[in-house]
Amino acid sequence: MYLLDCMINKSIEHRIKQLRDDLNYHNHLYYVMDQPIISDHEFDKLMNTLLNLEKQYPEFFDSSSPTHRVGGSLLESFESVKHLYPMLSLSNTYSKIELAEFDQRAKKTLSVLELEYVCELKYDGVAISLIYENGVLSRAVTRGDGVYGDNVTENIKTIKTIPLKLFGNYPSRVEFRGEVYISKKEFTKINDYRKKKQLNIKKDYNIQSQSNTNIEPAKLKKQYLAEMRKFEQYSNPRNFASGSLKLLDSSRVAKRNLDCVIYSVIDNNSDIHSHHQLLLNARNWGFKISEHIEIQNSINGMMDFINNIESNRNSLDFEIDGVVVKVNSLSDQKLLSHTSKSPRWAISYKFKSEQVKTHLKNITYQVGRTGAITPVAELESIYLSGSLIQRASLHNSDFIQKLDLKIGDVVIVEKGGDVIPKVVAVDLENRNDHCKDIVFITNCPSCGHQLKRVQNEANYYCMNSNKCLPQRIARVEHFISREALNINTLGVKTIEMLFINEIIQNVADLFLLDINSFNGLKGFGEKSQSIKKAQNIINGIKESVKQPFEKVLYSLGIRYVGKTVSKKLAEYFGSIEKMRQSTLDELLQVDEIGDKIANSIVDYFNDHNNILLIEDLQSHGLQMNIIEKIMQSNKLQGLVFVVSGTFQISREEIKKIIDLNGGKNTSSLSKNTSYLIAGENMGQKKKDLALILDIPIVSEMDFQKMIE
Ligand code: IVH
Numbered sequence: 010m011y012l013l014d015c016m017i018n019k020s021i022e023h024r025i026k027q028l029r030d031d032l033n034y035h036n037h038l039y040y041v042m043d044q045p046i047i048s049d050h051e052f053d054k055l056m057n058t059l060l061n062l063e064k065q066y067p068e069f070f071d072s073s074s075p076t077h078r079v080g081g082s083l084l085e086s087f088e089s090v091k092h093l094y095p096m097l098s099l100s101n102t103y104s105k106i107e108l109a110e111f112d113q114r115a116k117k118t119l120s121v122l123e124l125e126y127v128c129e130l131k132y133d134g135v136a137i138s139l140i141y142e143n144g145v146l147s148r149a150v151t152r153g154d155g156v157y158g159d160n161v162t163e164n165i166k167t168i169k170t171i172p173l174k175l176f177g178n179y180p181s182r183v184e185f186r187g188e189v190y191i192s193k194k195e196f197t198k199i200n201d202y203r204k205k206k207q208l209n210i211k212k213d214y215n216i217q218s219q220s221n222t223n224i225e226p227a228k229l230k231k232q233y234l235a236e237m238r239k240f241e242q243y244s245n246p247r248n249f250a251s252g253s254l255k256l257l258d259s260s261r262v263a264k265r266n267l268d269c270v271i272y273s274v275i276d277n278n279s280d281i282h283s284h285h286q287l288l289l290n291a292r293n294w295g296f297k298i299s300e301h302i303e304i305q306n307s308i309n310g311m312m313d314f315i316n317n318i319e320s321n322r323n324s325l326d327f328e329i330d331g332v333v334v335k336v337n338s339l340s341d342q343k344l345l346s347h348t349s350k351s352p353r354w355a356i357s358y359k360f361k362s363e364q365v366k367t368h369l370k371n372i373t374y375q376v377g378r379t380g381a382i383t384p385v386a387e388l389e390s391i392y393l394s395g396s397l398i399q400r401a402s403l404h405n406s407d408f409i410q411k412l413d414l415k416i417g418d419v420v421i422v423e424k425g426g427d428v429i430p431k432v433v434a435v436d437l438e439n440r441n442d443h444c445k446d447i448v449f450i451t452n453c454p455s456c457g458h459q460l461k462r463v464q465n466e467a468n469y470y471c472m473n474s475n476k477c478l479p480q481r482i483a484r485v486e487h488f489i490s491r492e493a494l495n496i497n498t499l500g501v502k503t504i505e506m507l508f509i510n511e512i513i514q515n516v517a518d519l520f521l522l523d524i525n526s527f528n529g530l531k532g533f534g535e536k537s538q539s540i541k542k543a544q545n546i547i548n549g550i551k552e553s554v555k556q557p558f559e560k561v562l563y564s565l566g567i568r569y570v571g572k573t574v575s576k577k578l579a580e581y582f583g584s585i586e587k588m589r590q591s592t593l594d595e596l597l598q599v600d601e602i603g604d605k606i607a608n609s610i611v612d613y614f615n616d617h618n619n620i621l622l623i624e625d626l627q628s629h630g631l632q633m634n635i636i637e638k639i640m641q642s643n644k645l646q647g648l649v650f651v652v653s654g655t656f657q658i659s660r661e662e663i664k665k666i667i668d669l670n671g672g673k674n675t676s677s678l679s680k681n682t683s684y685l686i687a688g689e690n691m692g693q694k695k696k697d698l699a700l701i702l703d704i705p706i707v708s709e710m711d712f713q714k715m716i717e
């Protein structure tokens with residue numbers, strides 16, 4: 010009997026496996042190759058059979074089963090994970106001359122007269138890193154800040170052009186990077202559906218408001234507006250794609266028909282020599298790669314590709330914002346290496362931003378976190394690169410003067426870096442006598458305090474920082490932001506409500522919130538869902554006390570003290586107390602800190618309110634000093650390392666990992682050295698000495714494996 014059971018089980022397991030393979034294959038033929046060989050009906054039948062079998066036999070669960078493509082996971086938040094290699098960005102150019110300079114620089118560094126480049130499209134979506142272990146998608150992470158990103162694996166599994174399992178002869182561990190996007194066709198379909206829904210809601214409302222219902226008109230209107238909001242149009246395909254990856258319910262992502270194209274493969278152990286071949290491999294393993302990839306070896310060839318793409322841009326069924334040119338040879342890429350921000354072997358040629366003309370209706374003013382006043386152009390709404398534009402930044406009063414701007418003018422608007430629209434010029438031919446001069450405000454639009462212009466700065470400031478509401482709200486927003494304490498359970502709307510209802514006065518009050526604090530706030534009713542939401546926020550706030558001192562320091566929002574400066578200060582002083590007691594001279598000793606930053610820090614600590622705030626935060630458990638190191642393991646106990654050359658992660662980081670895993674760092678090779686970790690561009694002398702002393706030379710990858 011037992012034997013029979015085993016046999017039946019084996020054959021069911023085999024059937025399930027076969028169905029999964031078949032479905033993966035047909036999925037690939039349909040979505041990637043666009044060449045289905047079975048009908049949709051047959052595909053659905055296979056999927057249903059598999060779904061039923063998986064339900065009946067949960068013991069054969071497999072996280073990479075095609076049934077996961079329909080989503081279903083409900084997360085509370087995304088785990089933040091570190092990229093194996095930082096996700097860099099690309100340097101940009103808008104001209105042929107700069108492209109030629111890029112080519113010259115690369116050839117000079119490599120001492121060659123000719124170079125082969127791969128020309129690709131620059132997809133305008135959202136970057137993703139995909140890691141496959143033994144052919145199975147194991148982790149999908151958004152770009153985030155380039156070093157840390159969000160683990161969005163469950164959402165990514167719903168994208169049909171991303172294989173859950175690779176085909177053919179793939180490496181045991183490989184990373185792919187690409188762009189998640191939505192096709193123009195799908196995007197229009199979704200917005201058209203929403204438009205139709207809104208029309209129906211409007212019709213219903215008109216009928217209801219004219220008939221004699223028992224509902225109060227004000228209530229009816231409120232309901233109507235809430236309904237309309239639910240079906241607002243999405244502003245543009247890129248935001249739609251990035252918003253989709255941030256959804257916590259993967260079944261909602263599954264319905265959005267996102268797409269993905271791969272533009273980079275990191276396979277350190279292969280003997281492939283070119284980027285182009287890696288892309289072809291990715292295609293063979295089941296990915297979609299762009300149909301518009303060309304190898305060129307001259308500036309004119311590259312410009313032909315660029316001009317051709319730019320003139321046919323509108324016929325593509327997805328948004329692009331330029332072309333990327335990459336050195337094809339992988340060994341040349343290694344030699345060219347990268348700066349802290351971008352590789353020296355690639356450049357993106359961006360297309361000129363689209364411009365439109367519209368009327369300037371009015372000017373309003375925003376108050377920033379530091380009290381800086383930003384004038385904002387209120388425009389006659391108009392479509393620009395697929396987004397509806399109503400406002401544009403005007404930076405400061407000098408900018409307005411330089412443009413010679415008047416209210417009522419026709420202005421030329423463009424998208425800066427394709428994100429925030431900006432006014433670039435005034436169409437003077439359209440100016441008439443009705444256009445009115447702009448008189449820059451003299452008092453804060455929020456608290457009425459008199460504005461002050463800071464010496465050598467173009468901005469006016471509201472100095473009433475402790476009382477001015479938008480500044481206080483913005484300080485909390487900064488405090489909880491990703492780079493600061495990363496309290497991602499709390500949103501901007503909730504912060505505003507907490508302030509308006511006087512539940513919090515400053516960042517420290519966040520730590521006093523309990524479930525009752527949210528009672529009666531919009532969106533926080535008595536229902537269990539609302540209680541859960543409030544509890545989630547409180548948990549997020551509690552979690553933040555684990556953040557290291559450098560992040561706490563950054564979160565305080567001291568003017569000019571950004572992320573990097575906070576890190577340097579934290580490392581130098583070790584505690585807020587030491588920093589507070591330091592003189593201007595001492596502050597100036599810190600690397601990269603000049604007069605402006607040092608003076609701002611002194612000013613900050615001279616304000617008694619700030620001292621009280623710090624004490625308050627400390628009493629809630631926030632880290633006000635560097636915590637002694639917490640060991641990760643003792644895997645490297647007794648081993649002595651020398652780290653040399655440049656790496657994907659910084660050398661300091663490698664040394665820190667050695668330290669945290671019990672190893673010892675030394676600067677020069679000796680017979681006591683256990684390993685030489687060799688990066689790129691390491692001196693030949695060091696290598697030779699290691700060989701003489703018989704010291705094993707290991708790569709960054711080998712080293713990572715030692716501590717895995
Ligand atoms: S290569 C080291 N190739 O552009 C840089 N990026 O600033 C590797 N992008 O957000 C990027 N199309 O997601 C590369 N064909 C392409 C691309 C591309 C779009 C995006 C990428 C990143 C940004 C780079």
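Residues in the sequence shown are numbered consecutively from 10, following the numbering used here.
Ideal Cβ placement from N, Cα and C applies to all residues, glycine included.
All of these numbers come straight from a predicted model, not from anything done at the bench.
Cβ pair residue i, residue j closer than 8 Å
i           : j           : result
residue 85  : residue 545 : yes
residue 245 : residue 396 : yes
residue 466 : residue 482 : no
residue 170 : residue 263 : no
residue 399 : residue 390 : yes
residue 130 : residue 301 : yes
residue 367 : residue 422 : yes
residue 477 : residue 453 : yes
residue 553 : residue 495 : yes
residue 243 : residue 200 : yes
residue 563 : residue 492 : yes
residue 508 : residue 566 : no
Nearest to residue i (by Cα), restricted to the options the options
i           : options               : result
residue 416 : 424, 439, 656 and 644 : 439
residue 272 : 314, 225 and 186      : 186
residue 679 : 650, 687 and 660      : 650
residue 291 : 190, 193, 304 and 172 : 172
residue 256 : 275, 353 and 151      : 151
residue 235 : 532, 363, 46 and 25   : 532
residue 328 : 713, 646 and 247      : 247
residue 655 : 191, 250 and 94       : 94
residue 559 : 631, 596 and 30       : 631
residue 332 : 326, 341 and 317      : 317
residue 653 : 446, 712 and 619      : 712
residue 114 : 459, 345 and 715      : 345
residue 160 : 198, 644 and 259      : 259
residue 369 : 436, 35 and 393       : 436
residue 73  : 500, 590, 83 and 25   : 25
residue 274 : 285, 267, 265 and 266 : 285
residue 608 : 601, 139, 617 and 597 : 597
Paired residues, beta bridge with residue i - DSSP
i           : result
residue 574 : Residue 574 is not bridged to any residue.
residue 634 : 584
residue 384 : 374
residue 365 : 422
residue 678 : According to DSSP, residue 678 bridges with nothing at all.
residue 397 : 392
residue 430 : 424
Environment of residue i [buried if 16+ CB atoms lie within 10 Å]
i           : result
residue 427 : At residue 427 the pLDDT is 49, less than 50, meaning the model places this residue with poor confidence; the figure from the coordinates comes in the next sentence. Buried, by the Cβ-count rule.
residue 67  : exposed
residue 697 : exposed
residue 324 : exposed
residue 710 : exposed
residue 557 : exposed
residue 269 : buried
residue 180 : buried
residue 418 : buried
_I need the residues with a C-beta less than 5 Å from some heavy atom of the ligand MN; please give them in chain order._
Ligands in the displayed structure: the ligand IVH; the ligand MN is not one of them.
Specify whether the region 534–543 and the region 577–587 touch according to this definition: at least 3 beta carbon pairs, one from each stretch, less than 8 Å apart. no
For the region 139–146 against the region 36–52, are there 3 or more C-beta pairs whose distance is under 8 Å? no
- Query: Taking one C-beta from the region 212–225 and one from the region 107–127 each time, how about it: are there three or more such pairs within less than 8 Å?
  - Reply: no
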